[in-house]
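J.:
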Amino acid sequence: MTNHVSSALFIYSEEGQEFAAKIAENSHGVDITPVPISVILDSEKEYLQNCRHVVVCGPITVIKKVMQWAMEYQFSLGFIPLPSQTSLIGSYGLPKDFTEAVSLALRNDPRNLDIVLCNNQILLFKASVGLIPLVDNPEKTSKIKLLINGLKQLFSMHLLPFTIRTSGKNNAELSTAACGCLLFANPEHSFASRLIAHDSSFTDGLLSMVVVAPISIVSYFRLMYRILTGKISSTVPDSIGFIKSPHINLESEYGLNVYVDGEEGGKTPVDCRVIPNAIKINHGKNLVLENKRSAPGSEKHITKSLPLGKELPKAKNKRIPFFTYASEDRFKDLFIALREDAQPNTIYLVLMVLSTMLATVGLAMNSSSVIIGAMLLAPLMAPIIALAMGILRMDRNMLKQSLWKIFTGVFLALTTAAVMTLLSPYQPLTNEMQGRLNPTVLDLIVAIVAGIAGAYTKSYKEILQSLAGVAIAVALVPPLATAGIGIGRLDLYFFSHAFLLFLTNFVGIVLAATLTFRILGFSGVVRDKRGLSIVCLFLIAVSIPLFMAYQGITEKAAFEKGWRIERFYVNGKYLIVQNADLITTGRKKVLTVEILAREQLSRGDLTEFKRKVKKNFPDDLIIRAKLTYIP
Amino acid sequence: MKTYSLLFIIFIASVSVLATGCEKAKREAVTGDSVKIGVIGPMSGSDEEWGQSCLEGIKTALKLQPTLDNGSLIKIIVEDDQNQSILAQKALLKLVEDDDVSSIIIMSSSEVVLALAELAKRLKTPIFAVTSTHPDITENNSYISQLLFDDHFQASVASLYVRDELLAERVGVVIDKTNTHSEYLARQFISKFASTGGTCIEISANNGDEELLASLEFLQVQKINFLYVPLEAEHVVTIAQLLHQTDYHPVMIGSDGLQAMMLLQYQEELYLVNGMLATDPYSSTISPTDYGERMQRLFQKSFSTPGTVLAAQGAEGTSIMLSAINRCPEQSDRSCINQMLRSTRDFVGFLGKISIDENGKAERPIFINTVDNSKLRSVVKVY
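Protein sequence lines, in the order shown, are assigned to chains F and A. Numbers given in my numbering equal positions in the first sequence, counted from 1, plus 845. Numbers given in my numbering equal positions in the second sequence, counted from 1, plus 59.
1) Measuring only the C-alpha atoms, how far is GLU1453 (chain F) from ALA1295 (chain F)?
2) Going by alpha carbons, who is nearest to THR192 (chain A) out of A:PRO289, A:SER112, A:MET102 and A:LYS149?
3) Tell me which same chain residues have a C-beta within less than 8 Å of the C-beta of ILE1181 (chain F), skipping the five on either side of it?
4) Hey, out of F:ILE1088, F:GLN1279 and F:ALA1231, whose CA is closest to GLY1331 (chain F)'s CA?
5) Let's see if you can read the secondary structure: which residues bound the beta strand (DSSP E) around CYS387 (chain A)?
6) Considering only the beta carbon of each residue, do GLY373 (chain A) and ILE203 (chain A) sit closer than 7 Å?
7) Compute the Euclidean distance between the alpha carbons of THR403 (chain A) and LEU286 (chain A), then round it to the nearest angstrom.
8) Any idea which residues DSSP pairs LEU812 (chain F) with across the strands?
9) By Cβ distance, which residues of its chain are closer than 8 Å to ALA1123 (chain F), with the 5 residues on each side in sequence left out?
10) Do the CB positions of VAL875 (chain F) and VAL850 (chain F) come within less than 7 Å of each other?
11) Is ASN432 (chain A) close to chain F, meaning its C-beta is less than 7 Å from at least one C-beta of that chain?
12) Nearest CA to the CA of LYS420 (chain A): which residue from A:HIS308, A:PHE212 and A:PRO365?
13) Would you kindly work out how many angstroms separate the C-alpha atoms of SER1378 (chain F) and MET1243 (chain F), rounded to a whole number?
14) Quick one: grab the DSSP three-state call for GLY411 (chain A).
15) Going by Cα to Cα distance, which pick from A:MET320, A:LEU329, A:THR255 and A:LEU278 is closest to ASP306 (chain A)?
16) So within the region 85–144 of chain A, which uninterrupted beta strand (DSSP E) runs reach at least 3 residues, ignoring any that extend past its ends?
17) Does DSSP put TYR1338 (chain F) in a helix, in a strand, or in coil?
18) So SER218 (chain A) is in the alpha helix (DSSP H); what residue range does that whole segment cover?
19) Can you find a C-beta in chain F that's less than 7 Å from the C-beta of ASP315 (chain A)?
20) Between the region 208–238 of chain A and chain F, which residues of the former have a C-beta closer than 9 Å to a C-beta of the latter?
21) Near ASP92 (chain A), what residues of its chain come up, given a Cβ to Cβ distance below 6 Å and the 5 sequence neighbours on each side ignored?
22) Is TYR325 (chain A) close to chain F? Criterion is C-beta to C-beta, closer than 7 Å.
23) Assuming ILE298 (chain A) contacts LEU271 (chain A) under a Cβ cut-off of 8 Å, what Cβ separation, rounded to an integer in Å, is found between them?
24) Can you list, in chain order, the residues of the region 1443–1464 of chain F whose Cβ is nearer than 7 Å to any Cβ on chain C?
25) Can you tell which of F:THR1148, F:SER1143 and F:THR1275 has the C-alpha that lies nearest to the C-alpha of THR1327 (chain F)?
26) Take the Cβ of GLY80 (chain A) as the centre, count every other Cβ of all protein chains shown within 10 Å, and call the residue buried at 16 or more, exposed below.
27) Please state the DSSP three-state secondary structure of GLN148 (chain A).
28) Quick check: the Cα distance between GLU328 (chain A) and MET399 (chain A), rounded to an integer number of angstroms?
29) Quick check: the region 1147–1154 of chain F against the region 1080–1095 of chain F, are at least 3 beta-carbon pairs closer than 8 Å?
30) Which one or two residues does DSSP pair with ALA1022 (chain F) in a beta bridge?
31) Just checking, does the region 1109–1124 of chain F make contact with the region 987–1002 of chain F on the three C-beta pairs under 8 Å criterion?
32) Is there contact between the region 340–355 of chain A and the region 149–156 of chain A, where contact requires at least three CB pairs shorter than 8 Å?
33) My output table needs one value for ARG222 (chain A): the three-state DSSP class, helix, strand or coil.
34) Would you say PHE1413 (chain F) faces chain A, with C-beta separation under 7 Å as the test?
35) Can you list the beta strand (DSSP E) stretches of 3 or more residues lying completely in the region 1226–1263 of chain F, in chain order?
36) Quick check: what's the CA-CA separation for ASN848 (chain F) versus LYS1014 (chain F)?
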């Protein structure tokens, strides 16, 4: 049994004329009747009615015309591709070599393949609607070109409203917003195939559609990163929707241009449907017919990253925002966890009292290990993170509950520490306490970093255990315990400075966590800037005393660095003065120094020393000196 | 919103106008009057560089402040004394009697200034000695004041530094008995060192090179590791050369102005004194004050010569003198200028505060510098 047909009609255009003679002399003994397309157009019935096999060579328009006739007259079809028709070669697995292409085109074992009609025009490769950044490219596009084009399109992107209807086994209607949509007869061998599962074929009775909808500049950059790094993943990336259905109808509020295989194909709406097994075609060996990963006829609706529901009014017809936003449905688990964190409960109250007790004892003992234990016990971090989310999304419920929970915790901590101090006959002033009485901008920086880390860990379940470390870094309870000790000692300075440290940490975490959640894309669909503005105002208010305190630290550092070892000639005596330590307590600046001398110093010598220090160094210093005589 | 913006612009504009007005009000217009200040110093002869360098400092200070607060121009009249007492006396008489100067800045050595004491008393003209450090300059004289610390202070500090910080037990002291400045420093050093239980061995710098060499060899045998050399640069170079010959390397400590003169006159011999210490009112490794920075910039813009401590002294002396004149209601009132000069408090100079007490003595920090590859590096600062 021969593998090739006995006779065939060769339809060619001007571009394929050169092949007419060659194919006639084919080595398979097939009787070829070469006919120019112009002749067929004049008398198609005469040539095609009894024709069994046709080989076509010409531009895509000619090929599509012949395909239409193939459907109508039921003849099988072979292709001789022009060298420039790489898409055709790729799609149907055609050989580039002429002899091999002729051999394939004349075979007598064609397969029935699906045909996609878009607005009654044959869709050979792809149809596009709207702007399709990053995805609508030739298959082999350089990364630099991709990057440049991607950045160029960044400034012209808008999300436009679309209604997508599919009918098949599952009928669905979807209202969304997107930059544009790409429809494929078969997405394999297209650039878009990098983003979607490779489970399409010419025989599955389905057409594919990729919807490009980056809802923020951040997600656009993420998509760009994925495309540029060329990471193949089974999951469809954010910003991309993917639909497979036998029938897709696409509508837009605006009459958008539709391009079918690069040619203008009218305006939206566009209606595309698959005609299964419509044509018998001689295709190449590497053509995917029945993909193993997907059963034939398996429809798909991957649309979770497309703006839907409440997000839609925010998204459509607007310039793309910088940060991603989301409806609550997208992150259900996180919001459930945060709402739980915002709820006051007995465990929280007990832990708060216990951690404060531990911190108060640790502070009195000057034991950093006990204080760290208190930090680990402290449950304040969770409601603060919930508060941050409440502020970002202006979720009044979450906001109220978390604020109430924090307030209760703070009140309990202050009361516990104050009562313990009042009841204790021993009220020392330890280094651990003193360390919490001089908050500076550096503490604010620590709080901000911890806030970022807190929000980040909360956003990803797999790193949630890091939250303990974050709590240690910020140490919310020890400053509160110190402030409570201040109340117990009836010392306003003590209380106010320690409480300022707590406020620093609190405001720093809230602001940083709010911004982090925003960057990570947790903003509400309807954004409210009031919450963030209030936090910023608090931040400014807290920053002023902190900045002043920081200036004090830098002054102290500069003073002590500048001092190192100084010499004074006092009443004929030579003093070496070292180990200067400048301590600011309220408005007083106390300079403690060590004096090395070989001669005994009198009261007059010390007075002269003090005069010289005051004359040559800034500020009104109270001087305390430790004397060491050099033998 | 527009109303707020408009109000804001009006506010900013008003503040700017007021600020400009205030700024203008501060500046006095030049009145055409002038105040004359006499300058005496070695403008020729062997110490010409000394005088010229100091005068450059004076000119720099006048560039920074060319008029008094009342708008009067400041005119300087320079007289050359070649660092000689007789010439200095003649110059002083001329400046006071013929030129009618309100005050005098003198850049000469201690010996020359000491010789002017009686004349200064008679002429009742404030004289500001900007380079001389002998303590007797201000003794029993109510019209001569000093910009620098005196020799008593500098010799005592040098002595105690060697004794208390370098922990020396014995020191060799080289004395130039023909130089009052050197003699005084040496005596004070020895006295202070002895009072703390140390021992000094004196040698003379005036008996010729051979005897000096023999004395140095004696010190070497005695294992003396420190040499106090309160001498002129010429003598120090000679000693350094002799030490080089004998392969004897004690730590040498000189006095004020020595390192500046070495840098000015003995560039090629600097390698001989590498590591040598000296007391000085300045140090190039200490960050200057705002005044110091402005003066340095102005100096570099105005002169191609390197800035020396002598130039700094000239500049500081002039600025302090102008400040004193400015505080007098009548700016040619010599008595008032003298009084104001002697009540200078915490004037911020090149590297710190300078005060001049009612006896005309300056209180300012002293530096002990070392010559480190042709540069002065501060070792200690003593308040």
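We put the CB at the ideal spot given by N, CA and C, even for glycine.
T.: The structure says:
1) Each residue's Cα considered, the two are about 50 Å apart.
2) When only C-alpha atoms are compared, the closest one is A:PRO289.
3) Here the set comprises nothing.
4) Closest option to GLY1331 (chain F), Cα to Cα, is F:GLN1279.
5) Run containing CYS387 (chain A): none; DSSP gives neither H nor E here.
6) The Cβ-Cβ distance between GLY373 (chain A) and ILE203 (chain A) does not fall below 7 Å.
7) CA-to-CA, the gap between THR403 (chain A) and LEU286 (chain A) works out to about 36 Å.
8) Summary: the structure shown does not reach residue 812 (chain F), with chain F confined to residues 846 through 1476, and so no result is reported for it.
9) Scanning its chain for C-beta atoms nearer than 8 Å, with the 5 sequence neighbours on each side dropped, one finds around ALA1123 (chain F) the residues MET916, ASN957, LEU958, ASP959 and ILE960, in chain order.
10) Judged by beta-carbon spacing, VAL850 (chain F) lies within the 7 Å limit of VAL875 (chain F), meaning their Cβ atoms are closer than that value.
11) Not closer than 7 Å to any Cβ of chain F, the Cβ of ASN432 (chain A) fails to qualify, so no.
12) Considering only A:HIS308, A:PHE212 and A:PRO365, the residue with the shortest C-alpha distance to LYS420 (chain A) is A:PHE212.
13) If you take the alpha carbons of SER1378 (chain F) and MET1243 (chain F), they lie about 18 Å apart.
14) Correct three-state label for GLY411 (chain A): coil.
15) Comparing Cα positions, the closest option is A:LEU278.
16) DSSP runs (the beta strand (DSSP E)) wholly in the region 85–144 of chain A: 93–100 and 132–139.
17) TYR1338 (chain F) falls in the helix class under three-state DSSP.
18) Residue range 210–219 is occupied by the alpha helix (DSSP H) that includes SER218 (chain A).
19) Residue contact check for ASP315 (chain A) against chain F: no CB pair falls below 7 Å.
20) So the list reads PHE212, SER215, VAL216, SER218, LEU219, TYR220, ARG222, ASP223, GLU224 and LEU226, given in the order they occur along the chain.
21) If we look at ASP92 (chain A) and ignore the five residues flanking it on each side, its Cβ neighbours are SER131.
22) It does not: the Cβ of TYR325 (chain A) has no partner Cβ on chain F nearer than 7 Å.
23) Right, their Cβ atoms sit about 7 Å apart.
24) Given the protein chain composition of this structure (F and A), no chain C is represented.
25) Of the candidates F:THR1148, F:SER1143 and F:THR1275, the one whose C-alpha sits nearest the C-alpha of THR1327 (chain F) is F:THR1275.
26) Reliability of the predicted coordinates at GLY80 (chain A) is poor, the pLDDT of 38 falling under 50, and the value obtained from them is presented with this limitation in mind. Around the Cβ of GLY80 (chain A), a 10 Å sphere holds fewer than 16 other Cβ atoms; the residue is exposed.
27) In the structure shown, GLN148 (chain A) adopts helical secondary structure according to DSSP, grouped into three states.
28) Their Cα atoms are separated by approximately 43 Å.
29) Output reads yes: the region 1147–1154 of chain F touches the region 1080–1095 of chain F.
30) BP columns for ALA1022 (chain F) point to F:PRO1006.
31) Contact fails: fewer than three Cβ-Cβ distances are below 8 Å.
32) Note that the region 340–355 of chain A does not touch the region 149–156 of chain A; fewer than 3 beta-carbon pairs, one per stretch, sit closer than 8 Å.
33) ARG222 (chain A) falls in the helix class under three-state DSSP.
34) Chain A has a Cβ within less than 7 Å of the Cβ of PHE1413 (chain F).
35) For secondary structure counted as the beta strand (DSSP E) over 3 or more consecutive residues, the region 1226–1263 of chain F holds no complete run.
36) ASN848 (chain F) and LYS1014 (chain F): Cα-Cα distance of roughly 38 Å.
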